[in-house]
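A short write-up of the structure that comes next.
In my numbering, the protein residues as written are 1 to 71.
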């Protein structure tokens, strides 16, 4: 799974620190690991991130990942 979090975050001028705090993490590395794909993103955090970015949950994922899920 390839998340588009970094792309969406940078496009909106947000920092990893900002998002980590919004998600309730004590450490930026907790969010950073999600962005790198080293930590799984649960549906509740995905919804919160999508709301922060002002997008749908599906927009957090690459087109390739969505196509794979559909097959």
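Positions of the beta carbon are idealized from the N, C-alpha and C atoms, including for glycine.
In this text, all values refer to a predicted model and were calculated from it rather than measured experimentally.
| Check | Outcome |
| --- | --- |
| Inter-stretch contact (C-beta, 8 angstroms, three-pair minimum) for the segment 25-38 and the segment 50-61 | no |
| Where residue 3 sits in the DSSP three-state scheme | strand |
| Length of the line joining the Cα atoms of residue 30 and residue 56 | 22 angstroms |
| Alpha-carbon to alpha-carbon, residue 62 and residue 21 | 25 angstroms |
| Between the CA atoms of residue 25 and residue 17 - distance to the nearest angstrom | 9 angstroms |
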